[in-house]
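One point on numbering: in the working numbering, the residue at position 15 of the sequence shown is 1219, and numbering is uninterrupted.
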Amino acid sequence: MAEEISMRIKRIAHLGILLAVMPALAGCWYAAAAGAGAYRGYKMKEKGYTMPSPVTEERSDKGEDKEESK
1205 MAEEISMRIK RIAHLGILLA VMPALAGCWY AAAAGAGAYR GYKMKEKGYT MPSPVTEERS
1265 DKGEDKEESK
């Protein structure tokens, strides 16, 4: 009976530790994924691949001054 109680306490303690550690590990996975993506981008750039910037500046075909268009 005493062994059963101590096993139950150990199981609850292990579950508590696991539940406490899981949120901390979740952040590590995001950091690891970001690092892997950055490394892949760096290697692609080394091989000559380029990506256009998603942010582009609007340019007027009429040759207007920037201050006039504001």
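Every residue, glycine too, gets a C-beta built ideally from N, C-alpha and C.
Go through its chain and collect everything with a Cβ distance to residue i's Cβ below 7 Å, but skip five positions before and after it.
i	result
Y1246	none
CB-CB under 8 Å to residue i, same chain, minus the five flanking residues each way: which ones, in chain order?
i	result
L1277	For residue 1277 there is no data in the structure shown, the boundaries of the chain being 1205 and 1274.
4-residue-minimum alpha helix (DSSP H) runs that sit fully inside the region 1208-1236, ordered along the chain:
Runs of the alpha helix (DSSP H) inside the region 1208-1236: none found.
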